[in-house]
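Visitor: One structure, as structure tokens, below. Some questions next.
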Amino acid sequence: MKLSILIVNWNSKDYLRQCLRTVRETCAELDPQVVVVDGGSFDGSAEMLAADFPEVVFVQSPENIGFGRSNNLGFTKVTGDLLLLLNPDTELRPGAVASLIRCLEELPDAGLIGARLLNSDGSLQYSSVHSLPTPWNVAFDSDWGRRRWWRRQGPPAGGLPCEVEAVSGACMLLRTKDFRKLGGFDSRYFMYAEDMDLCFRLRQTCGRIYHDPRAEVLHHGGGSSRTQFSKFSAVMIREAVRVYIETHHGKAQVLLYRFLMALSALTRMAILVPIWLLASGGKRITTRVSLLKWISVFRWALGRETWAEERFQAPSSIPSTDFSIAGSG
């Protein structure tokens, strides 16, 4: 079966170069089609691709239209039977893609397979696997809870594939015909949660979701520094989950979600303020970063960060024009 690899890039030239090098090194026998969609980068990504990777099918978007829409745009060029969705800040380890393909082919009920993601230092990235969002599990989510799940239930490196609710969109494999059947990613999501939405819809119609611990992939962006604060990211994540909950659980659950997020943010702020006042040096800096994050989340829960909602005010369904597909499936 022919494999197509679809990558969405935005100002990630150096990461993208290394990602494509590992595609060349680890997938030579598979001879995949590689499609890169660029969302108006200004870091020389297009020039780098033309010079170093002329075999790549390059799709230029005039602006950053978001992760989901960009993938849908790139999908119009896909010709393979299997589709690997890959982030530009990933590096494929030897045998990773072959293991994903084998898993999809050997498990009769499998619809989508996710890889075991590793941080830049080789440590496990807990976001490899997700629970589908509900108001309760999102509001009180924590790194501690994810680590506890991996210690108690998470498959060991090199272990057998296991069924999960959702996997990270940084590296996921599915059949091209299923991506087409689902209409691709829901275009309302500008960024975040579109992978969980895809997993939810795929489980309803196409098959089960599996995590393959034998397929190891470095994901550099997944281990972001705790000393960096992005109001944009903190709020956009919550807004993306709001869209997911409203779509799959209804508006009443959105009200509960906002209430629980406000309560969760207040609780964390109450804990962080005295720590910040008493701390010094690096501890004071990291505590301030966390405090600013939860202040932004609290404001979002009260409806004070309306700019985020505007990012998600796209058409309520995926435009059919995205899927005038020529090719197999």
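Take the sequence shown: its position 146, counting from 1, is numbered 1046 in the numbering used here, and each next residue is one higher.
We treat Cβ as the ideally placed atom computed from N, Cα and C, and that holds for glycine.
Model, not experiment: these values are computed from the prediction.
1. So what's E1146 in DSSP terms, helix, strand or just coil?
2. Given G1121, which residues of its chain have a CB within under 6 Å of its CB, disregarding the five upstream and five downstream residues?
3. By Cβ distance, which residues of its chain are closer than 6 Å to Q960, with the 5 residues on each side in sequence left out?
4. Classify N1037: buried if its beta carbon has 16 or more other beta carbons within 10 angstroms, exposed otherwise.
5. Can you tell me the Cβ-Cβ gap for A1230 and V1143, rounded? I've got them flagged as a contact below 8 Å.
6. Do F975 and G1084 have their CB atoms nearer than 7 Å?
7. What's the C-alpha gap between R1114 and T926?
8. Just checking L1177 against the ligand GTP - is the residue's beta carbon closer than 6 Å to any of the ligand's heavy atoms?
9. Within 10 angstroms of the Cβ of A1152, are there 16 or more other Cβ atoms? Answer buried if so, exposed if not.
10. Enumerated in chain order, which unbroken segments of the beta strand (DSSP E) with a length of 3 residues or greater are wholly contained in the region 945–994?
11. State whether the region 945–960 contacts the region 1015–1023, with contact taken as three or more CB pairs (one from each stretch) at a distance under 8 Å.
12. Exposed or buried, which one is S1125 when buried takes at least 16 other CB atoms within 10 Å?
13. Please classify Q1128: does DSSP put it in a helix, a strand, or coil?
14. Considering just the uninterrupted stretch of the beta strand (DSSP E) at M1161, what are its terminal residues?
15. Determine the direct distance from the alpha carbon of L1178 to that of L1032, and round the result to whole angstroms.
16. Do you know whose CA, among L1166, Q1104, S1164 and V1189, lies nearest W1176's CA?
17. Could you check whether G1107 and G1011 sit closer than 7 Å to each other, using their CB atoms as the reference points?
18. With DSSP run on the structure shown, which of helix, strand or coil describes Q1104?
19. Can you grab the Cα-Cα spacing for the pair L1166 / L1160, in whole Å?
20. If the criterion is Cβ atoms closer than 7 Å, does the pair L986 and I905 meet it?
21. Please classify V934 as buried or exposed, where buried requires at least 16 neighbouring CB atoms within 10 angstroms.
22. Report the three-state DSSP secondary structure of L1073 (helix, strand or coil).
23. Does T979 get closer than 7 Å to chain D when you measure Cβ to Cβ?
24. Alpha carbon to alpha carbon, how far is A1134 from V1154? Give it in angstroms, no decimals.
25. H1111 and C1062: beta carbons closer than 7 Å?
26. Which stretch, first to last residue, makes up the beta strand (DSSP E) that contains G1014?
27. Whose C-beta lies closer than 8 Å to the C-beta of T1187 among residues of the same chain, with five residues either side of it excluded?
28. According to the Cβ coordinates, are L1074 and L983 closer than 7 Å?
29. Cα separation between F942 and D1095?
Guide: Walking through what the data contain:
1. helix
2. D989
3. D938
4. exposed
5. The chain is shown only over 901 to 1229; residue 1230 falls outside these bounds and no answer can be derived.
6. yes
7. 14 Å
8. Within the structure as shown, the ligand GTP is missing, as the structure has no ligands at all.
9. exposed
10. 957–960, 982–986 and 990–992
11. no
12. Note on S1125: pLDDT 37, under 50, position unreliable in the model; the coordinate value appears next. Exposed, because fewer than 16 other Cβ atoms sit within 10 Å of the Cβ of S1125.
13. In this predicted model, Q1128 has a pLDDT of only 46, less than 50, meaning its place in the structure is not dependable; the value taken from the coordinates is given anyway. DSSP places Q1128 in coil when its eight states are reduced to three.
14. No beta strand (DSSP E) holds M1161; the alpha helix (DSSP H) holding it covers K1151 to L1178.
15. 37 Å
16. V1189
17. yes
18. helix
19. 10 Å
20. yes
21. buried
22. strand
23. Although the question refers to chain D, the structure presented lacks it and comprises just one protein chain.
24. 18 Å
25. yes
26. A1010 to L1018
27. L1172, I1175, W1176 and A1179
28. yes
29. 26 Å
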